[in-house]
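Encoded as structure tokens, the structure appears first; notes follow it.
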Amino acid sequence: MDIFTDALPEFLGALGSAAAVGTVMWCVRGWHRRRARDCPAPGPTPVSHAEFVSGQAAPATRRYATVRRYTLLGTSAEDGSPIQLASTRSAGTVIVWPAGARQERFELTDVRLYDGTFAAEPVDRYETAR
1 MDIFTDALPE FLGALGSAAA VGTVMWCVRG WHRRRARDCP APGPTPVSHA
51 EFVSGQAAPA TRRYATVRRY TLLGTSAEDG SPIQLASTRS AGTVIVWPAG
101 ARQERFELTD VRLYDGTFAA EPVDRYETAR
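In this text, residue positions in the sequence shown follow the numbering used here: the first is 1, and each later residue adds one.
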């Protein structure tokens, strides 16, 4: 019985440490989940006075643009940091980015990266030879 009473403080200390680490990890995971959610829905659809009075819904095409931050995969600035840009264009759009003396095409995607930005994949680098 003496062995159990001597080991009890170390056991309780390890149990408390594990509980503290678990709590911190649970909080960090919740923070990352909240941060990694999809962009919020666009703002309210603008409605004209005539539409409001008549009770007609505004057309679905009249929405405010949502700004997304994209990381250009496989590129980096002079200091080594990844290049990021903000765009209101939808996924599937191909943009052109100057890369030194030439220009490179990137396709915007819906893939969310670990830092909360979306991926912009290079198009020209991985095309197969025809």
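In this text, a Cβ means the ideal position worked out from N, Cα and C, and glycines have one as well.
Note that this is a predicted model, so its numbers are computed, not measured.
Confirm, please, whether the CB-CB distance from Thr-88 to Thr-109 is below 8 angstroms. no
Enclosing beta strand (DSSP E) for Thr-75 [first to last residue]: 68–76
Would a C-beta distance cut-off of 8 angstroms place Arg-112 and Phe-118 closer than the cut-off? yes
Which residues in the same chain have their Cβ closer than 7 angstroms to the Cβ of Ala-19, if we skip the five residues on either side of it in sequence? none
Among Met-25, Val-94, Tyr-114, which one has its Cα closest to the Cα of Ala-120? Val-94
Given a cut-off of 8 angstroms on the beta-carbon distance, is the pair Ile-83 and Ala-77 in contact? yes
Do you know offhand how far Val-28's Cα is from Ala-101's? 43 angstroms
Pick helix, strand or coil for Asp-110, following the three-state DSSP scheme. strand
Excluding the 5 residues preceding and the 5 following Phe-11 in the sequence, name in chain order all residues of the same chain whose CB lies nearer than 6 angstroms to its CB. none
Answer yes or no: do Leu-73 and Pro-122 have a C-beta to C-beta separation smaller than 8 angstroms? yes
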